[in-house]
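Residue numbers (this note's numbering): 15 to 259.
The structure under discussion appears below in the form of structure tokens.
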């Protein structure tokens, strides 16, 4: 069975809408929660890919995200092993950082529905093509300036990057295809979270946009499955080697 490592940064932010899509495709996932002291995978050997989820603080905030260097190393381990990597929200910022981008604490939050616009670099990319002109939920803290050589495949109406594809098997997305209104409610209720001050208005808008959000998730998953080969089970090292020399 296919199995993906999933790094979670808060209880409220999990695979959400994407979970059922993966389960229907016989794709399993194992959550790792560094925010409660759980160790992350030491290698990519036992996994078919890596997901990195949203979080409550900027990646530049070393006090609240001391594990960021370990996550960047983990991204590079999976990339070296030719395993798919997908970052959502904070995870998208981590992907950009791993590619050489500079992390910053500002803006304190980005919390809005935005309209995606495909870039020249995104032409021909199935995910960028599918989402061009679509209304997407952007929700993350801080920012990462993209390094030279990494061009966004989607931007918002103000030209700020929404999606990158630094290599053939890696996507960094600042919009949140996994999110559903109930998860926004959980963010509000989660002790120690850092919700943006406009999250109440965002929740109301998400309820109105719920049908569209589900359609966006469908399109995102279909594109990722096709482009990253998520249905493909990668060769994994055996836990025990019983071969006698």
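Just so you know, even glycine gets a beta-carbon here, dropped at the ideal spot from N, CA and C.
Among the options, which one has its Cα closest to the Cα of residue i?
i: residue 184; options: 244, 39, 41, 44; result: 244
i: residue 19; options: 53, 31, 38, 118; result: 53
i: residue 117; options: 212, 206, 230, 74; result: 74
i: residue 289; options: 28, 147, 17, 15; result: With the chain covering 15 to 259 only, the question about residue 289 has no answer from this structure.
i: residue 216; options: 233, 235, 196; result: 196
i: residue 22; options: 50, 39, 76, 145; result: 50
i: residue 100; options: 238, 135, 202, 223; result: 238
i: residue 37; options: 48, 16, 132; result: 16
i: residue 160; options: 151, 241, 108; result: 108
i: residue 60; options: 76, 96, 39, 25; result: 96
i: residue 190; options: 240, 125, 211; result: 125
i: residue 122; options: 39, 143, 114, 156; result: 156
i: residue 180; options: 162, 25, 32, 41; result: 162
i: residue 81; options: 225, 171, 104; result: 104
i: residue 236; options: 224, 57, 35, 148; result: 35
i: residue 111; options: 94, 127, 87, 25; result: 87
i: residue 94; options: 30, 164, 48, 58; result: 58
i: residue 172; options: 127, 186, 137; result: 127
i: residue 115; options: 186, 78, 168, 226; result: 186
i: residue 242; options: 24, 65, 192, 48; result: 65
Have a look at the DSSP bridge pairing and note the partners of residue i.
i: residue 17; result: 42
i: residue 127; result: 151
i: residue 101; result: 66, 186
i: residue 116; result: 159
i: residue 24; result: 27
i: residue 132; result: 168
Around the Cβ of residue i, are there at least 16 other Cβ atoms within 10 angstroms (buried) or fewer (exposed)?
i: residue 139; result: buried
i: residue 209; result: buried
i: residue 228; result: exposed
i: residue 182; result: exposed
i: residue 240; result: exposed
i: residue 170; result: buried
i: residue 220; result: buried
i: residue 224; result: exposed
i: residue 106; result: buried
i: residue 30; result: buried
i: residue 32; result: buried
i: residue 203; result: exposed
i: residue 247; result: exposed
i: residue 222; result: exposed
Assuming the contact rule is C-beta atoms closer than 8 angstroms, residue i and residue j should be a hit. Round their C-beta distance to whole Å, please.
i: residue 198; j: residue 178; result: About 25 angstroms; that fails the 8 angstroms criterion.
i: residue 135; j: residue 145; result: So it is not a contact: roughly 14 angstroms between Cβ atoms.
i: residue 68; j: residue 98; result: Residue 68 to residue 98, Cβ: 18 angstroms. No contact.
i: residue 141; j: residue 230; result: Rounded, the Cβ-Cβ distance is 11 angstroms, inconsistent with contact.
i: residue 46; j: residue 55; result: 7 angstroms
i: residue 132; j: residue 143; result: 7 angstroms
i: residue 207; j: residue 70; result: 5 angstroms
i: residue 188; j: residue 154; result: 6 angstroms
Can you check whether the C-beta of residue i is within less than 8 angstroms of a C-beta belonging to chain B?
i: residue 203; result: This model lacks chain B altogether; it includes just one protein chain.
Any beta strand (DSSP E) of 3 or more consecutive residues that is wholly inside the segment 145-194: 149-154, 157-159, 166-169, 175-181, 184-187
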